[in-house]
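Chains as they are written, first to last, in the working numbering: chain A, 1298 to 1799; chain B, 56 to 170; chain C, 20 to 799; chain D, 1230 to 1367. We put the CB at the ideal spot given by N, CA and C, even for glycine. A short worksheet on the structure shown next.
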Amino acid sequence: MMNRFLILPIVVPLLTAVLCLLFFRKPRAQRWIGVSGAGLLLGVSLWLLQVVWQQGIQTVQVGNWQAPFGITLVADLFSAVMVVLAGVLGVAVAIYSWESIDAQRQAFGYYPLMHFLLMGVCGAFLTGDLFNLYVWFEVMLMASFVLLALGGERGQMEGAIKYVTLNLLSSAIFLAALGLLYGLAGTLNMADLAQKFASTASAPSNAIVTALSMLFLAAFGIKAAVFPLFFWLPASYHTPPVAVTALFSGLLTKVGVYSLIRVFTLIFVQDTVYTHTLLLVIAGLTMITGVLGAVAQNEMRRLLSFHIISQIGYPLMGLGIFTPLGLAAAVYFVFHVSIAKSTLFLISGVIARLRGVYDLKKLGGLYKKEAWLAILFLIAALSLAGLPPSSGFFAKLSLVLAGLQQAQYLIVAVSLGVSLLTLFSMVKIWNEAFWKEKPTVEDETKFALAQNWSWILPILFLVGVTIVLSFGIGPIFRLMSQVGNQLMNPQLYIQAVLGGGG
Amino acid sequence: MEMVLPFVIGSLYAMAIYMLLRRSLVKLLIGLGLLSHASNLLIFTASGLTRFKAPVIPMTAEQLQSPHADPLPQALILTAIVISFGVTAFALALAYRAYRSVNTDDLDQMKSTDA
Amino acid sequence: MLIVAVISGFGLAFLAPTICRFAKQKSGWWLAILPVFLTLYFLTLLPGLASGQIPALSYEWSKELGLTFAFRADGLSLAFALLVSGIGALVAIYASGYFGNKAPIGRFYLWLFFFMASMLGVVFSDNLILLFVFWELTSLSSFMLIGFEQEREEARAAAIQALLVTGSGGLVMLAGFVLLGQIGGTLELSALLLKGESVSTHPLYLAVLILILIGAFTKSAQVPFHFWLPNAMQAPTPVSTYLHAATMVKAGVYLLARLSLVLGGSSFWFWAVGGIGALTMILGGYLAFSQTDLKRYLAYSTISALGSLVMAIGIGSETALKAMVLFLLAHGLYKGTLFLVTGAIDHECKTRDVRELGGLWRSMPYNAAGSTLAALSMAGVPLFFGFVAKEYLYEAAYKVGAFWISLAIIGALLNVFIAFRVGIEPFWLPSQIEVKPSKHVHEAPWSMRIGPLILGGLSLLLGLFPQILGRSIVSSALTAALGRPVEVKLAAWHGVNDIFLLSLLTLGLGVGLFAVRQDLQRIAEKVSLRWGLDGLYKRSLDFLFTLAGFQTRTLQHGYLRYYLITIIVAVVAITAGGLWRWGGGTLPYLSWDIYFYELGIAVIIVLSAFMATLSRSRLGAVAALGVAGYGVASIYLLFGAPDLAMTQFLIESLTVVLFVLAFYHLPNFAQLTPKRERLRDVFIALITGGLMTIFVFVASGIQIHPTISPFFVENSLPLAHGRNIVNVILVDFRGLDTLGEITVLAIAGLGVFALLKLRLDLRTAKGKKSAEEIAKGGDQ
Amino acid sequence: MTSLILRTMVRLLLPLLLMFSVFLLLRGHNEPGGGFVGGLMAATGFALFSIAFGSETARRILRIDPLALIGVGLSLALLTGLITLGLNQPFLTGIWFKFPLGSFGKLELGTPLLFDLGVYLTVWGVTLTIVFALEEVK
């Protein structure tokens, strides 16, 4: 299916960013442009998902050059779902940034940077070309570098140096892997690669491709913040304004996960006994180290940052299980956890706005004082911890189903144990920030939530999405199952890109 | 040359890694520069080398005579070079700002944000 | 209608805060309307059950996950449901008197009804996963209710403990459920129950059983998971009554009874369930001895009672299950009463220490009446409901053997003792310790009398006329649990037989124990009782924190170069592993053909890069880096890439300029690392470099597939109208790459601009500027 | 630092470099060159100029804010894509117009050239933004 409007999720944020740049001296106009651009992106992404759902995988040959020679954009259901995720988080964060991002940052390009980031993310989700993926990674990274450092506070600088260095290392590995891959296979189109590797499934060529796939695993693994490549994340994620952290937490590592799932279902399936077992091992270790890191924290944003790592293990577990159900669960998990985690970050921002601190030891009494905020937190936190009937529960349930079907008992046990620790750490926040009495009387800011809609509306929106994800599990998981089926049948993807004959 | 360049690339990588592992922020930047040279040269070499024959169709001809250099990796490298230029410039500015706020270029002093 | 019955509770929960705002002190009475109504509705379902009409409904929720909204109301479900809604109504009324206007009562009712609805969900669910959903919701509401008095740290800690213990059990159970569903081929309970044969012969049967038992045992406070329950007495008394005595803790019992058809019958089941139940029964009673707090007495006796219920299920005979159902109801009635009375005493006397209480019958006659009835039922005095239940339990144990009947007797004996201490002593005997008489001890308000009176009255009434239950609820519950039609006849009096004599013996011994209670207490206080996993729980929390702290300090230490080393080593390890699996194959042939000046350039690149790493001055290093870049550019030029060469030359020059501009402000190098570390780094660098060398050899020597480039060469001129193929690829064939690339550049430009011009750390010195001002002043 | 010789040289070099950059841009589609190199070349000219005369003078000579150059360049590149989208073609499809020039052959103009111009302006703007910003830090 050829659909030239497939480019829109890339063009809309770019257009928004460029418009913001043209209004660079008018931050107020930028806000409006930024928020409406994000809204438009969400609309476009929903349209795309609907088209892909009804008419199958959509492609466009950019520049009208046939695949594999030009760059092909491909929207299968997986891509479309991820683009919707970008749209949802984009809208929420754009509104939240309205007041929570200070005027100086807004005057120095906050909104255009945010949309550049969205552009990179959507590009990465949609592209069917590995080198083009690299380019979108760089767009996304560069935007994230700047967003992270924007403001120039000391903590930001220290965090940014680690973030930038380790991510550049990842880019360098990716680039080297691309060069080697081109040397071996003479093409960069993912469908073409998949087809070519499938057609020459001889043992030696398989082995060399598998060896090469390890470089991709490393490059994407750093981006996805898996064990033991995650150090950049806890070092930096808590340093920028919380809206930025929420956006990063929802999207950046997820692009890494997306890429891992994409290449390890489509291209590198020569030796799944080796590669996917390795993925399972990494998944388990990532879950454990991440959650232990979180247990040790007392600062809300740091605590949540470690949970990002821990929760990355779950989709990898789905990928490692490597069945349609496992992948469906993985994708559902990614979607759910991005929403839940971003919500929690946004709430932590509101708490800091109310009380001036992120430190759990200095917080307290919020259940009594801000009952609605408490309820919103509870929904998001329990969703993250996987308590039923939240979206997190269904995510975990589907992974457990998939894991037990394949008799992967160890990873299932690890995943359940980690979810208990996640629950523990969410309860800790609840206990310290909401239940416990406030230790000090002073530092109360005069801030009425009800009148500050830009702070609370995005949280309501995201919690609403979480609720839809959980109670609408029927249709939504039907969609995810289709995602899983498509991923496990790469032939569909190949045909959509290269045409029936190949 | 195919026998030599892999070693050149390998030593560029080795030196880049060595520089990345220094405590000085400035050395880290030099390491990033070396890393990008190494990667670009790697793409160039891995896709095969052809002497002198640029992939440009002469004004007088309608077709390019074989053998000629592979144009695709060249385009990729060009993209990569320009991107790494942008990244390097940003990293420089970052290093400068970091130095200004921490007042040292010793990376071991910049760990207040970790757990 | 059934689904409305389950869902309506949630609706009421969310409305409760609003209702409370309007109804104030009377809210309990208003809110009790729904549970009363539900109780009546459940009663109307009973007659139908006898004729085999089981209300059931099922909506699909998620086909892929095997989830349905399936509810089914058979006898077993209804027995529990009646307990839930009936006691729920009384507790709701009681609570408004208990709290008065001292607490945010709206929130209390929210979680109370949330619990009621969840518990109804548990007992009516016909889908394992749905059951699990409600199961965890009861844990959640229990958490919120135990920690209701949030200012008290003990309350919060107890809430967390209860949640973690039942939560971990729940997770284990979930795995068991999923496995059970996979073995049985369905997650629908009613369908699963028909597959007992195929499940019990499956190789995973034992695993499934153990996993599910852990879930049930944690919830129902069986040894060794029982420790959370006494701590949960931090909850307000209405909560303890409702959740931690009458209903929630029985969820595990319900589950075992429900699944006994499919999982039961094996000897493992008998010994694990029966054995743990018996152990819990005795240990719970024993642990009660050292207590003085009324509520903790009741808590331990509840553990003991739960143990006997579980034991009965483990025994599994028809009589045992009959005893289980009867004891379940009897216990709900008398234990509910006693808890409520304790709450009233606490409310009026401000103490729950049994030694300080005495002679309360004068000031609290109604509660004294209810309490006495309940205590007699608990002690198993003939003609009371508890007696009927105990008779059957004895009978069931008697049939199994002497060992089991002696266990049952010990358990019951302890219960007699507790019944007298808690239900009789505070009202009818003088207090042990003379405390200054409370000035205004008087009867609690009506809202707090009605519960004990009704429940206590029922304890007598049902003891006199047990057949009210026999025909309806007990027979249908047994039918459901055993999977075959059972006709039950109950009588208050079975005549004098062995069992009756044993009952009398128990009663006599129990009263005897009660008579020497003060001596017993002295002994118990000396013998320190540290049973169960309470200590383990604390130790594992400590261990968790230590481990987490250690791990985080070890991994996330803040030294960038060690992060890099870890990452590089990991990457090298997995890639080398991949290459090793490949094993080299046939080594590719590469041409040795090389020109002299090419070699020269190669040497220059390596040497200048080497200079860059060794140089002591920043400028020297930058210059050397630049030379290396020019060398690379020369290679591009020599091998047919003039565009690349030009770009590289220009960019290299610009980069040097930028470095110089930035370095102008940076300090000079210092030698910071010791030699050992440098040697280690050299080693890592060489390994990495070597690995990359091998990779380049492989990739340039092996070509699995020919390149797609000929397409560009052929079509560049005719279709894309350009002769410089590289440029055509950049702006046309792969224009999207270029669009992304200039975007990266634009962001970088913006980033450098913002980074160098916007300095939030300095703004306070100048005073805050408005956004517009900053923007205007930005580049001047 | 800024000697007279350097200033004189730069004053002469700047127009030359600018002209050469335009030349590179225009011939890029058929001969080595193109938007990247052209943009870099133009930026190098101004970078030298600003080193010799200071960034304020360089900004004055340039007249246009380099940030605006980025915006314009990027929008130009985007626009070429959007045009084709409007013409019912996939994004960034090249559209060509031919003008016969008698004995000189024919002049071919297409959207890829416009795109390349966008690249040229962006690269130019970005490089200058960076150079100026680095120069102006105190």
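C-beta contact flag for residue i and residue j at 8 Å
{"i": "C/V641", "j": "C/Q667", "result": "no"}
{"i": "A/F1517", "j": "C/D756", "result": "no"}
{"i": "D/T1286", "j": "D/G1347", "result": "no"}
{"i": "A/A1627", "j": "A/I1558", "result": "yes"}
{"i": "C/R171", "j": "C/M252", "result": "no"}
{"i": "C/I165", "j": "C/V258", "result": "yes"}
{"i": "C/L764", "j": "A/F1405", "result": "no"}
{"i": "A/A1372", "j": "A/Q1355", "result": "yes"}
{"i": "C/I721", "j": "A/I1505", "result": "yes"}
{"i": "C/W804", "j": "A/I1676", "result": "For residue 804 of chain C there is no data in the structure shown, the boundaries of chain C being 20 and 799."}
{"i": "C/G140", "j": "C/A264", "result": "no"}
DSSP beta-bridge partners of residue i
{"i": "C/K121", "result": "Partner(s): none; C/K121 has no beta bridge."}
{"i": "C/N687", "result": "Beta-bridge pairing links C/N687 to no other residue."}
Cβ of residue i within 8 Å of any chain B Cβ
{"i": "D/E1260", "result": "yes"}
{"i": "C/N743", "result": "yes"}
{"i": "D/L1330", "result": "no"}
Minimum Cβ-Cβ distance from residue i to chain D less than 8 Å
{"i": "B/D151", "result": "What sits at residue 151 of chain B in the sequence shown is Tyr, not Asp. So yes, B/Y151 belongs to the interface."}
{"i": "C/P686", "result": "no"}
{"i": "B/A93", "result": "no"}
{"i": "B/V111", "result": "yes"}
Buried versus exposed call for residue i [16 or more other C-beta atoms within 10 Å across all chains shown]
{"i": "C/L228", "result": "buried"}
{"i": "A/F1744", "result": "exposed"}
{"i": "A/R1652", "result": "buried"}
{"i": "A/I1772", "result": "In the sequence as presented, Ile is not what sits at residue 1772 of chain A; that position holds Pro. Exposed, since its Cβ has fewer than 16 Cβ neighbours within 10 Å."}
{"i": "C/R175", "result": "buried"}
{"i": "C/T63", "result": "exposed"}
{"i": "B/S66", "result": "buried"}
{"i": "C/N120", "result": "exposed"}
{"i": "C/P449", "result": "exposed"}
{"i": "A/I1564", "result": "buried"}
{"i": "A/K1493", "result": "buried"}
{"i": "C/Y655", "result": "buried"}
{"i": "C/A416", "result": "buried"}
Any chain C beta carbon closer than 8 Å to residue i
{"i": "A/W1344", "result": "no"}
{"i": "A/V1443", "result": "yes"}
{"i": "A/E1596", "result": "no"}
{"i": "A/M1416", "result": "yes"}
{"i": "A/A1473", "result": "yes"}
{"i": "B/T100", "result": "yes"}
Integer-rounded CB distance, given that residue j should sit under 8 Å from residue i
{"i": "C/L501", "j": "C/L340", "result": "7 Å"}
{"i": "A/G1367", "j": "A/V1359", "result": "6 Å"}
{"i": "C/S728", "j": "C/V747", "result": "Not confirmed; about 12 Å, so no contact."}
is_contact[residue i, chain A] using C-beta, thresh 8 Å
{"i": "D/L1321", "result": "yes"}
Using a Cβ-Cβ cut-off of less than 8 Å, list which residues of the stretch 120-148 of chain B approach chain E; keep chain order. No chain E appears in this structure, whose protein chains are A, B, C and D.
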